[in-house]
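K.L.:
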Amino acid sequence: MESAEKISIESNNTRILNIRHLKLAFGNFDISAHGKQENGVMDFTVTVEQKNALSKKNKGIGVLTNIKFSHPDTNESIIDYSSEIVYEIDYFDTVITKLNGKTEIHKPFLNFIYLISLSTARGLLYEKLSNSPYNKVFLPILELEHLYRER
0 MESAEKISIE SNNTRILNIR HLKLAFGNFD ISAHGKQENG VMDFTVTVEQ
50 KNALSKKNKG IGVLTNIKFS HPDTNESIID YSSEIVYEID YFDTVITKLN
100 GKTEIHKPFL NFIYLISLST ARGLLYEKLS NSPYNKVFLP ILELEHLYRE
150 R
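In terms of numbering that gives the first Met the number 0, the sequence shown has 141 at position 142, counting the first letter as 1, and numbering is strictly consecutive.
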């Protein structure tokens, strides 16, 4: 697949998870301007969203993963990270079917692609935060049945 190819992400295939008031422990630095902090614990709302798009021409699936940490009261964005990964699928016609004029991605395969994309996004976010005051943020480990509900 050519790296220059643009894939538009379809919002109708969104999987989303909201974690309300996730408590994250920090070290000895003060970041109280960014969230609610009590006894060294920061309170955040974390939203993880994944969307997908197909490229039939290049037999690929693109997955956009967005991880957002926001203030639980004001919804002010504190950390907002997105990564897009495009997978070239050798057996594209096996996992992509057309039913009643609608293109469907085989659910177990899509969940597997989402899991790989989420793990990659978590690793990249960890690397991006490593030299910041947020380097002690615990990135959420998510259960698939919560993340992959239809919206």
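Ideal placement from N, C-alpha and C gives every residue a C-beta, glycine not left out. Quick caveat, the model's predicted, so the values are computed rather than measured.
Since threonine 96 is in the beta strand (DSSP E), which residue starts that stretch and which ends it?
P.N.:
In the sequence shown, residue 96 corresponds to position 97, counting from 1. Looking at the DSSP string, the run of the beta strand (DSSP E) that includes threonine 96 is 95 to 98.
K.L.:
So who's on the other strand from isoleucine 84, going by DSSP bridges?
P.N.:
The residue you call residue 84 lines up with position 85 of the sequence shown. DSSP lists Val62 as partners of isoleucine 84.
K.L.:
Per DSSP, alanine 52 forms a beta bridge with which residues?
P.N.:
For the purposes of this step, residue 52 is taken as residue 53 along the sequence shown, with counting starting at 1. Paired residue(s): Gly61.
K.L.:
Determine the burial state of leucine 124: buried for a count of at least 16 other Cβ atoms within 10 Å of its Cβ, exposed for fewer.
P.N.:
Here the question's residue 124 lines up with position 125 in the sequence shown. Buried.
K.L.:
Are the segment 78 to 85 and the segment 93 to 106 touching by the rule of at least three beta carbon pairs closer than 8 Å?
P.N.:
No, the segment 78 to 85 does not touch the segment 93 to 106.
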